[in-house]
Amino acid sequence: MFSRRNLLVGATALGGASLLPAIAHAKGSVAAAIYPGTWEEAFRATVAPALKKKDNIDVEFQPLFAVDQVAKAKAARGAPPFDAFVLDPGPRITAIEGGLFDKFDSKKFSNLSKMPAGLVDEWGVGVNAQVVGIAYNPKKVPAPKGWKDLFTDPWVSRLGLTGFQTTFGTVSLIEIAKVFGGSETNVEPALVELKKVLPKVAAVGQPAAMPGLFQQGQCDVIYTNTQTVATLKGRGVDIEFVKPETGAITFLTTLHIAKGATDVENAYKYIDIVASKEVQEALTKPPYNFIPVNKDVPLPDYLPMKNLDEMSTYIRHDWAKINPLRAGWIEKFNKEMAK
Amino acid sequence: MGRRRSLGDISYMIVVWTLAVLALLILVAPVVIVLTTSFTEGRSLKFPPTGFSLQWYEALFDASKSRQIHRAVGNSLEVAAWSTAFGVLLGSMAALGIARNRHRLARVADGFFLSPLVLPGLTFGLAALMYFTLIGFRPSLNLIIAGHMIVTVPFILRTTTASLSQLDPALNDCSQSLGASWLYTLRRVTLPLIAPGILAGAFLAFMASIDNVPVSLFLSTARTDMLPIRMWGMMESTLDPRIAAVSGVLITAAFLLMLVMEWTVGLTRRMRD
Amino acid sequence: MRKLAEWQLALPLALAFISIFLAPLLLLVGVSFFNDDKISQPGFGQWIKFFGDPFSYKVIADTMLLGVKTVAATILVGYPLALVYLDASPRVQRVLIFIIVLPLLLSVVVRTFAWIVVLGREGVINQLLMSLGIISEPLKLLQTELGLVISLTQIEMPLMLLPLISVMSRLDPNLRDASAALGASRWRTLFTVIVPLSMPGLVAGCLLVFASSTTAFISQTVIGGVRLIYLPLLIWQQSLVVFNWPFAAVISISLLVSVLTVVSALSWFGRKSGGYVHG
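Chains as they are written, first to last, in this note's numbering: chain V, 60 to 398; chain P, 93 to 365; chain C, 8 to 286.
As structure tokens, this is what we get:
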């Protein structure tokens, strides 16, 4: 608490006073990391007012991608810059191994009974399901049926690839490997097939560049999640989602309490409100397009599933097995794809 | 032109002008594309844009819709202003101290002061965060200012040194042999002559700070959100046309500043004549 | 009061650098001598891993070459622009300065988008060339080194031109007139008078461009794509994706040392030519 106040005084003294109107008078506050873009917009519009109304807590969001959160918390060992994480499975495992989380006490979580089994564990709460599959431009190419199609014309010459840096990229490449005889721990077949078609592939890019490349027609087929597709579609981009014939992939986005957090109780209240029916329902609507995790919230119709139980039929991955292999895969990808 | 133009001179003109026009094209084309895109009627960044509207500028100036952007702009401007101010002070002093010094140590110092430019910002950001945490500081606006000062001061140092190295040392000796104090020489002879160099460096430093992603990424907190980081998020997940409008505003502001300077400089010149 | 020695003016900056830059850098060097990503077992493992892999040398060489190519491209188009600037009227000069600094006003985020638009398969250049009938198939420019160098040229041009112009515009115009009056062609005047005299600015520009293009992570990965591998991409992967900070430290130090070596050579050359001009 003390250091945060200090920080505030420092910032105010530097002339930031007018920029920080409400915080100084708040009863309580919590600093939460949040993904930039849609997530941040959505959480500011729904979670922040709900938390203020229910518990009179001001939430300060810090837009950071999952890997950046883990890096910052690791570097600031013991003094995390925020109280709550929002992470994908890969960085989540890294954070657990690095001892960056407080154990999650589900007794302090009032929405426990509303959550499907397996969403709450000793480390945190799954507050959103991401579904990963193939996205394509319907004005340029026909809908591909599955991962194998991506390696044949007309799709291969319009394909935009990303590597193992992101969770969605990693799981997509694993599924591609499976189609060609690989497995969760053996992505070699995917790399072999990729190498064969590499001269034809439209783009091998940084994940951050993909929406721009897709929008400008550099590539017309990418792998990504339903939420990105729904958001871009809502903004007038020609993009459609396809569930691959071998099944769509799903993984959870989870909230965690940072070890050394300054406002632990408020962080619990924050996580609780995110999982509440009211907030989950609001997050489900456009332009946010989240996949809800609260059983009381009906699923939106843009999703290829009717209810949350169906999620068990989706492909999931064991990140405890994947994570130790990933550094090697990334190096391999560099070398195989390098010009 | 009294002299007949030779073939060589004609070829000189053709080559120089062709390449200069190419340079202008490279400089201007992306700016034109971004500005055009910022007036789009569509809901996402796309070129060529559809229709014409000012809606993204309106959205950008809307206090409630773009509150986070305004906050980030405020932070970024504040950091850029302070880090440039410190940079100009320390950087030009250092340049005066070592630019004309032929001692080996001065050369080492010169290389040392340049090295932040060479270390990837990502590495410096990460190392700085580890280091500051180790000695007991938590990320804050002050730390970002310090970090930005380090990574932008090489620009000031470099341009100032370039101006200084061109300064005829005889001027200094002359002034001092005429009995002028070191400070007087600095104020009346050296500074006016190297001012363009300092100014160029300050501008580079200011803009480098405004556009710095990696150092801010590591040293910022929930309360010190910075503009380029916010813009990355908007670009990556939503292709929000407001990020083009931000550049439109920045360019317009610089243009107006230039006009004002033109006007005031012109005015003082007229008054002097 | 004792008169201050001139070099002492550099002390405040030196102090700031030691406490805010050198200290973290030393920490980084320390971190590089750990074998594991938990930073618990000291050893040379990461150094051996990096320098035992031939791929590393290729990436180092590619990164340095990218810097050289960008410097060359920036001089090729930038220097003529500086010459045009030199001959222009004061009013035109001010307009040119505004155009030269334009790239700095464009955030890296939208700048990379703009280059996707220019270089892309359905981009401005390809559309133009195809409608003129010069090509029938779109050229591959995006995600090639050529495209990357072109786009880097834009953002590096101010770094080259500002030092260059500030030095050039202080050249005595009489020198050029004298050269012309003595019958020298414009080419001769350029290479025997203008270029040598503008050397300090040119060298300063080259330093800035080289250092900045070799570390331009965002442009390199977004416009170059990830098949063109340069050291900053490896640093990013190791520090922010797999969190192997000792390895990231080794790569960072290697980049720092490689670039500083080139830059010192340039700097030495600059001082030598500067000395020649004054001598």
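Think of the CB as a built atom: it goes at the ideal place given N, C-alpha and C, for glycine as much as any other residue.
All of these numbers come straight from a predicted model, not from anything done at the bench.
Among all the DSSP beta bridges, which residues are the ones paired with residue i?
| i | result |
| --- | --- |
| residue 245/V | 242/V |
| residue 120/V | 91/V |
| residue 159/C | In the DSSP output, where bridge partners are listed per residue, residue 159/C has none listed. |
| residue 282/V | 193/V |
| residue 262/V | 219/V |
| residue 160/V | 317/V |
| residue 41/C | 49/C |
| residue 76/P | Lying before the first or after the last residue shown, residue 76/P is absent from chain P, which here runs from 93 to 365. |
| residue 179/V | 184/V |
| residue 374/V | 308/V |
Let's see if you can read the secondary structure: which residues bound the alpha helix (DSSP H) around residue i?
| i | result |
| --- | --- |
| residue 188/V | No alpha helix (DSSP H) contains residue 188/V, which is instead part of the beta strand (DSSP E) from 183 to 195. |
| residue 264/P | 261 to 269 |
| residue 217/P | 213 to 226 |
| residue 157/P | No alpha helix (DSSP H) contains residue 157/P, which DSSP labels as neither H nor E. |
| residue 311/P | 306 to 311 |
| residue 304/V | Where residue 304/V is concerned, there is no enclosing alpha helix (DSSP H), given that its DSSP letter is neither H nor E. |
| residue 243/C | 238 to 243 |
| residue 330/P | 319 to 330 |
What are the boundary residues of the beta strand (DSSP E) that residue i is part of?
| i | result |
| --- | --- |
| residue 299/V | 299 to 301 |
| residue 308/V | 308 to 316 |
| residue 144/V | 143 to 146 |
Quick check on this structure: which residue in the options has the alpha carbon closest to the alpha carbon of residue i?
| i | options | result |
| --- | --- | --- |
| residue 175/V | 370/V, 120/V, 389/V, 289/V | 370/V |
| residue 157/P | 118/V, 136/V, 127/V, 104/V | 104/V |
| residue 193/C | 170/C, 16/C, 91/C | 91/C |
| residue 46/C | 147/P, 222/P, 148/P | 222/P |
| residue 374/V | 396/V, 149/V, 304/V, 166/V | 304/V |
| residue 181/V | 113/V, 169/V, 164/V | 164/V |
| residue 169/V | 359/V, 355/V, 141/V, 330/V | 330/V |
| residue 108/C | 334/P, 297/P, 326/P | 297/P |
| residue 155/C | 19/C, 181/C, 244/C, 237/C | 237/C |
Taking all protein chains shown into account, do 16 or more other C-beta atoms lie within 10 angstroms of the C-beta of residue i, making it buried, or fewer, making it exposed?
| i | result |
| --- | --- |
| residue 278/V | buried |
| residue 243/P | buried |
| residue 26/V | No information on residue 26/V is available, as it lies outside the stretch 60 to 398 that chain V covers here. |
| residue 275/C | exposed |
| residue 393/V | buried |
| residue 313/V | buried |
| residue 202/C | exposed |
| residue 396/V | buried |
| residue 213/C | buried |
| residue 127/C | buried |
| residue 343/P | buried |
| residue 315/V | buried |
| residue 245/V | exposed |
| residue 147/C | exposed |
| residue 312/P | buried |
| residue 16/C | buried |
Closer than 9 Å by beta-carbon distance: list the chain C residues that pair up with residue i, in chain order.
| i | result |
| --- | --- |
| residue 129/V | 247, 250 |
| residue 153/V | 249, 250 |
| residue 193/P | 13, 14, 17 |
Residues of chain P with CB under 7 Å from residue i, in chain order?
| i | result |
| --- | --- |
| residue 339/V | Result: empty, since nearest Cβ-Cβ is about 20 Å, beyond 7 Å. |
So with CB distances below 7 Å, who are the chain V contacts of residue i?
| i | result |
| --- | --- |
| residue 244/C | 224, 389 |
| residue 134/P | 295 |
| residue 309/P | 127 |
| residue 222/P | 134 |
| residue 149/C | 277 |
Below 9 Å on C-beta distance, what does residue i contact in chain P?
| i | result |
| --- | --- |
| residue 179/V | Near residue 179/V there are no residues of chain P at all, since even the closest Cβ is about 25 Å away, more than 9 Å. |
Name the chain V residues whose beta carbon is nearer than 9 Å to that of residue i?
| i | result |
| --- | --- |
| residue 128/P | Ordered by position in chain V, no residue passes the 9 Å Cβ test against residue 128/P, which lies about 14 Å from the chain. |
| residue 169/P | Chain V residues near residue 169/P: none, gap ~10 Å exceeds 9 Å. |
List, in order along the chain, the chain C residues whose C-beta lies closer than 8 Å to that of residue i?
| i | result |
| --- | --- |
| residue 265/V | 228, 229, 232, 233 |
Mind pulling the chain P residues with CB within less than 8 Å of residue i?
| i | result |
| --- | --- |
| residue 97/V | 329, 330 |
So residue i contacts chain V; which residues on that side make the cut at Cβ distance below 8 Å?
| i | result |
| --- | --- |
| residue 324/P | 95, 267 |
| residue 156/C | Here the premise fails: no neighbours, minimum Cβ distance about 14 Å. |
Is residue i near the ligand FAD - that is, is its Cβ less than 8 Å away from at least one heavy atom of it?
| i | result |
| --- | --- |
| residue 169/P | Looking at this structure, you won't find the ligand FAD or any other ligand, since it has none at all. |
Kindly list, in the order they appear in chain C, the residues whose Cβ is closer than 7 Å to that of residue i.
| i | result |
| --- | --- |
| residue 123/P | 109, 113 |
| residue 141/P | Those within 7 Å of residue 141/P in chain C number zero; the least Cβ separation is about 11 Å. |
| residue 271/V | 120, 123 |
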